[in-house]
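To keep things clear, I will list the structure first and then write my remarks on it.
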Amino acid sequence: MEIDGRRRSNNLILDTALRDFYGAADEMHLDEGLIQTLSYPERRVDVSVPVEMDDGTIKVFHGHRVQHSTALGPSKGGIRYAMDVTGQECEGLAMLMTWKCSLAGIPYGGGKGGICCDPTHMSRKEKERMSRTFGARIAPIIGRWSDVPAPDMYTGGQEMVWIMDTICKMLGHFEPAMLTGKPIDYWGAKGRTEATGRGLAACAFELMRMKGLDPAKMKAAVQGFGNVGSYAAKIMNEAGVKIVAISDTTGTYYNPNGINIDKAFEYMNTNPGQRGRKLEGFEKEGCEKLGLDDVLFVDCDFLCPCALQGTINQDTAGKIKAKYIVEGANSPTTPEAEDILNDSGVIVVPDFLANAGGVIGSYFEWAQNLQGFPWTEEDYNNRLVALMKDNFCRVWDYAQNKKVTMRRSAYIAAIKRVADIVELRGVYL
Ligand code: NAD
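As structure tokens, this is what we get:
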């Protein structure tokens, strides 16, 4: 739908992405034609995914792959399996990927995809059949120089291998650079597992440096103790930051004297709880158990939302005590919440800057696959942190000079790079 000539959506993620984009584009006085062009994805493919379930019945799932922009290079973005996946959600996330890749200074456009399903109630064989059929149906638009998927929520190396194997068989040749997030021993990259958390921690450290804060005197809370949150907590903790609260779907685990993060890792690895519930019972390791959202409200300096979109919203923003928020999840802060935070002087490091470690890491994997030559983990980590720091400083400096928020500054830098190339290449891409 359109309101006053501007595209809007009932989907929270797409609507937030559009509103942020329009706000920045207007401030930049971007040409109206370019604004219209970039409001829509270049391509969206919706596919049906019929799957033979283990009981012999056929169930039809709905899958999507969106390429928001290929102006800077092949579109890049994850494939997620979740019940709330829709074409519009993928459009919003693909747009965010365009800005994220642009801001990160890597040669990619933005893409996203997924299947609406509940992977927690599917067997391994059902997931394999679903992944392979989905892969076959989006195959015409996937490739190392066209669209390079990666894992996202509830997908990982296994799903990537099923999809890649299916497309390679269709092509009749091997092509490891067509997607990233592959297992390390199978054309993956050492360092990728920790990359997003490491990048997030690098942003937090740069922010501390800019503000003259000593990491050893800082307290942080991390919402979501999955891939992003757990490694961000671990790396910050290793630098002396006291992690006072962590959470997962089972609730918040709080210790004002600091949680032993190594113990939390050990606990997760031994706890057989189903995915997303791995901290269940962790209170017995010296923590107080609080409610699901309480992780947002504990007394701390840094808050890292690393779970879901929209957790920092109108209802929760006013109760946050942290002065700095570093966003690990995509779109964890709604625009209304951001206004509340800005009014109370909270600095928010936006998602597409702070969680770009994952896509930068994917770029490193792709580059290694194209070279056919693996890097060392040390090379990977050093290059990642160097890029994250550069990107943070660029956004920070512009925000300070122009007296705008970091999100606005990041949007402007990211949109400018894409808009310049769209103008250079022309709109008939
Ligand atoms: P994950 O599935 O590994 O972990 C998610 C964690 O969040 C789990 O611990 C889960 O229990 C917890 N969680 C879910 N709902 C919650 C709630 N309501 N309250 C508290 N905790 C809750 O996922 P991930 O890979 O860590 O991704 C987390 C977020 O970061 C997602 O928004 C994802 O899109 C984004 N992201 C991930 C990457 C990456 O490389 N993994 C990169 C960029 C962005």
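Just so we're aligned, residue 8 is where the sequence shown starts under my numbering, counting upward by one. Cβ atoms here follow ideal geometry from the backbone N, Cα and C, with glycine treated the same way. This structure is a prediction, so every number in the text was calculated from the model and none was measured.
Taking one beta carbon from each stretch, the region 8–22 and the region 86–98 have 3 or more pairs nearer than 8 Å; the two touch.
For residue 355, the shortest separation between its Cβ and any heavy atom of the ligand NAD does not lie below 6 Å. Note that the C-beta distance between residue 395 and residue 209 is below 7 Å. Nearest to residue 119 by C-alpha distance, out of 146, 82, 133, is 82. Taking non-hydrogen atoms of the ligand NAD into account, the C-beta of residue 175 is found less than 6 Å away from none of them. The straight-line gap separating the alpha-carbon atoms of residue 290 and residue 296 is approximately 6 Å. Relative to the Cα of residue 248, the nearest Cα in the group 198, 212, 55 belongs to 212. CA-to-CA, the gap between residue 275 and residue 409 works out to about 44 Å. The region 344–360 and the region 370–390 do not touch, with fewer than 3 CB-CB distances between them shorter than 8 Å.
By DSSP's assignment, residue 230 forms a beta bridge with 254, 312. For the pair residue 339 and residue 357, the CB atoms are not nearer than the 7 Å cut-off. When the Cα atoms are used, residue 153 and residue 77 turn out to be separated by approximately 8 Å.
Inclusion of residue 420 and residue 25 in the CB contact set at 7 Å is not warranted, their separation being larger than that value. At least one heavy atom of the ligand NAD falls within 6 Å of the beta-carbon of residue 336. With a cutoff of 7 Å on beta-carbon distance, residue 366 and residue 107 are scored as near each other. Residue 86 and residue 301 have their C-alpha atoms spaced approximately 30 Å apart. With a cutoff of 7 Å on beta-carbon distance, residue 91 and residue 71 are scored as not near each other. Distances from the CA of residue 64 to each of 11, 127, 47, 133 were compared; the closest alpha carbon is that of 133. In the DSSP assignment, the residues bridged to residue 297 are 259. Under DSSP, residue 326 takes part in no beta bridge, so it has no partner.
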